[in-house]
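Remarks on the structure that follows.
Number of protein chains: 2
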Amino acid sequence: MRLSKDNINQRVRRAEYAVRGELAVKSEEFRARLARGHGSGLPFKHVISANIGNPQQLDQKPLTFFRQVASLLENPDLLQHPHVLVNSLGYPPDVLERAKWLLSKVGSVGAYSASSGVPAIKESIAKFLERRDGFPADASHIYLSAGASSGVNTLLNVICADKKSGIMIPIPQYPLYSASLALLDATPVPYNLDESKAWGTDLDTICHAYQKAKADGVDVRCIVIINPGNPTGASLSEADIRAVIDFASRENLVVMADEVYQTNVFVGKFHSFKSVLRTMQKETGGKYDALELASLHSISKGMVGECGHRGGYFELVGFDPQVEANIYKFVSIMLCAPVIGQCLVQVMVNPPEPGDPSYELYNREYTAVYEGLRERATAIHDAFSHMEGVECNQPQGSMYLFPTIRLPQRAIDAAAAEGRSPDEFYCMRLLEQTGVCVVPGSGFGQAQGTLHFRTTFLAPGTEWVGSIVKFHKEFMDKYR
Amino acid sequence: MRLSKDNINQRVRRAEYAVRGELAVKSEEFRARLARGHGSGLPFKHVISANIGNPQQLDQKPLTFFRQVASLLENPDLLQHPHVLVNSLGYPPDVLERAKWLLSKVGSVGAYSASSGVPAIKESIAKFLERRDGFPADASHIYLSAGASSGVNTLLNVICADKKSGIMIPIPQYPLYSASLALLDATPVPYNLDESKAWGTDLDTICHAYQKAKADGVDVRCIVIINPGNPTGASLSEADIRAVIDFASRENLVVMADEVYQTNVFVGKFHSFKSVLRTMQKETGGKYDALELASLHSISKGMVGECGHRGGYFELVGFDPQVEANIYKFVSIMLCAPVIGQCLVQVMVNPPEPGDPSYELYNREYTAVYEGLRERATAIHDAFSHMEGVECNQPQGSMYLFPTIRLPQRAIDAAAAEGRSPDEFYCMRLLEQTGVCVVPGSGFGQAQGTLHFRTTFLAPGTEWVGSIVKFHKEFMDKYR
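Next comes the structure, spelled out in structure tokens:
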């Protein structure tokens with residue numbers, strides 16, 4: 001029997017990943033048409049990929065220090081020419097030193113590393129975590145991964161034993177979680193974030209979702225928190241984090257803290273789950289010592305934006321050593337994370353310091369990216385606040401806005417006639433008429449009866465935002 | 001309930017991956033002790049990692065052209081200084097051209113690419129396949145992957161629907177296959193390779209294994225062939241490949257051709273499954289048109305040896321478009337393969353040509369690696385042929401030798417007393433006494449009643465081979 005959609009793994013068939021779904025595929029077709037000069041029939045000149053947090057596809061330039069180091073790691077022969085590098089090519093001495101240090105630890109970036117990552121890079125991450133959190137970190141519990149996605153995949157594969165295994169995921173969520181759970185045939189236990197409270201966590205809602213799942217016979221094992229939020233852009237308060245930790249501790253749940261946007265914070269301050277947990281442990285003299293925490297980070301986001309390099313790591317706290325042995329075994333089957341990505345993780349957690357030759361340029365580039373993101377977030381938020389039927393929380397963090405849209409009944413009927421959800425219908429028309437690709441809220445999950453879309457605020461300029469505003473007005477007029 | 005080895009995913013617990021298992025972990029501990037200067041109690045000065053095909057961890061130097069291009073991809077600012085690159089740093093003009101071309105297609109290597117890979121790189125691979133095979137190749141059926149391992153993982157995830165789904169795997173096999181099937185809870189259908197015929201495939205054995213599995217109610221879906229062989233080092237004849245294709249066509253099995261060692265061939269010629277299939281289709285006027293073939297390749301092996309970069313691809317032939325849509329969806333959940341690895345795939349399939357400025361150096365380096373591998377393979381084979389109770393087929397391809405060892409009954413008893421298989425016991429003693437890490441045959445599977453180990457022939461020098469010979473004699477004497 002030949003393979004068909006009906007006899008292959010139906011878990012793959014059921015998995016949904018809207019960020020790279022039909023809209024994204026269509027936007028790539030438009031882009032290819034325009035590139036071939038066959039876009040004369042299209043009402044736009046450019047495709048704006050606001051569907052995915054892909055900074056360097058848009059106007060974000062890589063940080064010079066990172067790439068200078070990477071170029072030397074790729075071709076260590078260049079280090080034979082320090083004079084040329086420094087004087088003719090403008091490579092500062094700290095770039096050379098960092099590359100030499102990494103090469104001394106890695107050997108060749110073309111060689112497999114240890115499966116959990118290059119030991120010295122793990123040590124370097126542990127030191128960063130100590131500086132960030134003010135608490136000790138142990139390199140032996142750090143695992144390098146091919147981006148945070150691969151880390152999430154590893155953790156879910158180990159935690160989920162069978163169909164009954166439940167993982168609490170926020171709604172809206174980044175669809176990596178629901179897709180991975182579909183592939184594993186485990187049970188997502190959704191809990192709604194509170195849009196009226198800037199998309200924060202609400203403990204009553206979480207408890208209620210947990211109790212309901214338990215009553216349904218689900219073996220709830222873990223709660224996922226994405227902070228800062230994707231797609232919501234929320235940045236959690238310390239009080240919210242404490243409440244989640246207390247709840248997870250009471251119910252013996254693993255906490256999976258997806259903290260890949262930890263430097264993308266515009267309002268308040270990022271609180272890591274690790275630092276809050278350690279603080280609570282200290283305050284209570286051991287009450288929370290049994291809690292299992294996995295926290296993830298990545299080079300893909302922040303001001304680094306090196307997602308094409310697929311680098312990241314996760315740190316485990318409080319896990320049973322025999323469980324960790326199985327995590328190690330799982331990652332070893334895919335051998336190791338890309339080594340150049342591992343090196344960029346080391347650079348991310350140890351960037352140039354004040355006084356270093358590369359510091360000034362690094363700081364200037366970093367700040368420019370940060371300020372650019374904040375300015376665009378604010379500008380788009382302003383534009384949304386003037387659109388009929390659109391409401392959007394103030395941007396607090398990450399790279400996304402997730403406005404609510406209220407559509408006329410006639411638009412909802414037209415969507416149904418096309419076999420689409422109303423938000424998907426809206427986003428499809430937006431793409432076809434403006435070239436702007438955003439993701440419908442249904443791709444992330446949303447409270448029943450609400451509609452949203454997610455847009456990144458990475459794309460340069462404001463013209464595309466203007467075209468959203470114009471499209472929206474016409475759409476509302478058409479279906480009024 | 002906290003996570004424990006007993007309540008986590010038991011499929012992970014059951015999976016075995018000996019190449020990075022206990023012996024490998026112990027060898028890394030020895031290496032770390034020696035590096036810290038705490039090796040005084042050890043009877044050796046160096047650890048030789050002959051357990052894994054990791055060329056650049058040993059003496060294999062990266063190919064200069066590849067790394068010069070990669071350094072420019074990482075830091076395109078260097079391209080602003082063509083004079084310095086060419087005159088001071090010795091970058092030939094074709095390196096600059098290649099980097100510019102790749103950057104024009106990729107944008108930034110720090111950006112996510114399309115999930116199935118950069119379109120222009122897929123086109124480039126298709127053209128390579130056309131040159132290699134003499135038959136058309138279609139870029140839209142090519143998928144870039146993070147090494148071949150990730151490609152195998154994708155394909156098995158889609159092909160295996162449930163417990164009953166059976167995948168025929170060679171014995172001995174590369175344990176990625178058995179481990180992935182354990183994770184998927186699908187059924188491995190082992191078929192023995194014929195050690196007496198240089199580890200070739202034997203059609204009667206394959207048919208017999210297939211019929212037995214069918215009789216047991218297994219829904220056999222696919223046959224995996226590793227050619228050249230891992231761990232066997234065999235290189236299949238065209239007749240063997242034809243027989244497998246004919247069998248798979250008759251039984252409607254997907255053929256998964258793991259061809260990552262396609263350039264590591266010392267005896268005869270590499271025949272790709274694609275070229276043999278197309279030839280058979282042509283000869284028979286369509287008899288084999290329905291066959292589904294997935295063939296995999298990688299930058300990790302061959303003379304390239306860039307495994308740390310995690311680059312590879314697979315090509316699909318004859319797959320249903322809706323099945324391919326699900327393969328696309330599966331790969332999209334992990335976003336994309338590392339982009340710098342994708343670029344190195346492009347370089348691998350389009351190396352410098354005669355007349356290009358980089359050709360002479362490339363050719364010299366490539367040939368030196370090839371000849372070095374062949375010489376070491378031959379030297380180790382010679383050494384093995386003088387060891388009591390050891391028999392080893394002539395090295396034909398890949399990077400491995402897989403000798404049979406016959407151990408005295410007292411050694412077998414001593415192993416049992418330690419709770420180990422005899423070959424594992426042997427390999428553990430070898431590591432402890434010589435620092436040479438090889439993998440016991442039981443990690444790959446072996447015909448009942450036989451014992452083997454796998455060694456790479458990547459490590460430089462012959463001293464370590466001498467220490468295996470010496471160890472073996474002492475071991476045999478001790479347990480005689």
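Each protein sequence line maps, in turn, to chains R and D. Just so we're aligned: the first sequence equals residues 1 to 480 in full-length UniProt numbering. Just so we're aligned: the second sequence equals residues 1 to 480 in full-length UniProt numbering. Ideal placement from N, C-alpha and C gives every residue a C-beta, glycine not left out.
Closer than 8 angstroms at the beta carbon, the chain R residues around residue i
{"i": "lysine 301(D)", "result": "The contacting residues do not exist; lysine 301(D) stays about 12 angstroms from chain R at best."}
{"i": "aspartate 320(D)", "result": "Arg2, Leu3, Ser4, Lys5"}
{"i": "isoleucine 159(D)", "result": "Leu3, Ile8, Asn9"}
{"i": "isoleucine 52(D)", "result": "Tyr112"}
{"i": "glutamate 22(D)", "result": "The premise fails here: glutamate 22(D) is roughly 10 angstroms from chain R at the closest Cβ pair, so nothing lies under 8 angstroms."}
Where residue i meets chain D, residues with beta-carbon distance less than 9 angstroms
{"i": "methionine 334(R)", "result": "Ala146, Gly147, Ser149, Ser150, Asn153, Leu176, Arg310"}
Euclidean distance between Cα positions of residue i and residue j
{"i": "asparagine 192(D)", "j": "tyrosine 143(D)", "result": "30 angstroms"}
{"i": "threonine 280(D)", "j": "alanine 248(D)", "result": "A quick correction: the sequence has methionine, not threonine, at residue 280(D). Looking at the two C-alpha atoms, the distance is approximately 13 angstroms."}
{"i": "tyrosine 177(R)", "j": "serine 196(R)", "result": "24 angstroms"}
{"i": "serine 115(D)", "j": "methionine 334(D)", "result": "8 angstroms"}
{"i": "tyrosine 359(D)", "j": "glutamate 315(D)", "result": "28 angstroms"}
{"i": "histidine 271(R)", "j": "leucine 236(R)", "result": "8 angstroms"}
{"i": "isoleucine 159(D)", "j": "valine 255(D)", "result": "11 angstroms"}
{"i": "lysine 164(R)", "j": "threonine 187(R)", "result": "6 angstroms"}
{"i": "leucine 291(D)", "j": "glycine 318(D)", "result": "6 angstroms"}
{"i": "isoleucine 223(D)", "j": "phenylalanine 471(D)", "result": "39 angstroms"}
{"i": "aspartate 382(R)", "j": "leucine 156(R)", "result": "38 angstroms"}
{"i": "proline 76(R)", "j": "phenylalanine 65(D)", "result": "13 angstroms"}
{"i": "arginine 14(D)", "j": "glycine 443(D)", "result": "13 angstroms"}
{"i": "glycine 341(D)", "j": "methionine 428(R)", "result": "33 angstroms"}
{"i": "lysine 26(D)", "j": "glycine 285(R)", "result": "37 angstroms"}
Cross-chain neighbours of residue i in chain R, by beta carbon under 7 angstroms
{"i": "glycine 305(D)", "result": "Gly110"}
{"i": "tyrosine 17(D)", "result": "Lys329, Ser332, Ile333"}
{"i": "arginine 410(D)", "result": "Going along chain R, no residue has its Cβ under 7 angstroms from arginine 410(D), so there is no contact; the nearest lies around 32 angstroms."}
{"i": "asparagine 252(D)", "result": "Met1, Arg2"}
{"i": "arginine 67(D)", "result": "Glu74, Asn75"}
Cβ shell of residue i (< 8 angstroms), same chain only, five flanking positions each side left out
{"i": "tyrosine 366(D)", "result": "Leu63, Met303, Pro351"}
Neighbour list for residue i in chain D, Cβ cutoff strictly below 7 angstroms
{"i": "leucine 361(R)", "result": "Ordered by position in chain D, no residue passes the 7 angstroms Cβ test against leucine 361(R), which lies about 12 angstroms from the chain."}
{"i": "residue 491(R)", "result": "What the structure shows of chain R is the stretch from 1 to 480, and residue 491(R) is not part of that stretch, so it cannot be assessed."}
{"i": "serine 71(R)", "result": "Ser71, Glu74, Asn75, Leu78"}
{"i": "glutamate 28(R)", "result": "Ala114"}
Neighbourhood of residue i by C-beta, 7 angstroms cutoff - its chain only, sequence neighbours within 5 removed
{"i": "arginine 376(R)", "result": "Phe457"}
{"i": "glutamine 57(R)", "result": "Ser49"}
{"i": "proline 175(D)", "result": "Glu16, Tyr17, Ala18, Val19, Gly443, Phe444"}
{"i": "valine 436(D)", "result": "Ile48, Ala50, Leu430, Trp464, Ser467, Ile468"}
Neighbour flag for residue i against chain R, beta carbons, 8 angstroms
{"i": "glycine 286(D)", "result": "no"}
{"i": "serine 180(D)", "result": "yes"}
{"i": "arginine 242(D)", "result": "no"}
{"i": "asparagine 326(D)", "result": "yes"}
{"i": "valine 323(D)", "result": "yes"}
Contacts of residue i in chain D (Cβ-Cβ under 8 angstroms)
{"i": "glycine 117(R)", "result": "Under the 8 angstroms cutoff, chain D gives no residues; its nearest Cβ is about 12 angstroms from glycine 117(R)."}
{"i": "arginine 33(R)", "result": "None at all; the shortest Cβ gap to chain D is about 13 angstroms."}
{"i": "glycine 107(R)", "result": "Gln56, Gln57"}
{"i": "proline 351(R)", "result": "Those do not exist, as proline 351(R) stays about 16 angstroms from chain D at its closest Cβ, beyond 8 angstroms."}
Beta-carbon proximity list for residue i, same chain, < 6 angstroms, skipping 5 on both sides
{"i": "alanine 148(D)", "result": "Val260, Leu296, Ser298, Gly312"}
{"i": "arginine 374(R)", "result": "Phe266"}
{"i": "glutamate 388(D)", "result": "Met476"}
Below-8 angstroms beta-carbon distance, residue i vs any chain D residue
{"i": "phenylalanine 330(R)", "result": "yes"}
{"i": "proline 62(R)", "result": "yes"}
{"i": "isoleucine 225(R)", "result": "no"}
{"i": "glycine 217(R)", "result": "no"}
{"i": "glycine 341(R)", "result": "yes"}
{"i": "valine 12(R)", "result": "yes"}
{"i": "proline 357(R)", "result": "no"}
{"i": "glutamate 292(R)", "result": "yes"}
{"i": "valine 255(R)", "result": "no"}
Every unbroken beta strand (DSSP E) within the stretch 85 to 147 of chain R, with a cutoff of 3 residues, ordered by chain:
142 to 145
Segments assigned alpha helix (DSSP H), at least 4 residues, entirely inside the stretch 28 to 90 of chain R:
64 to 74
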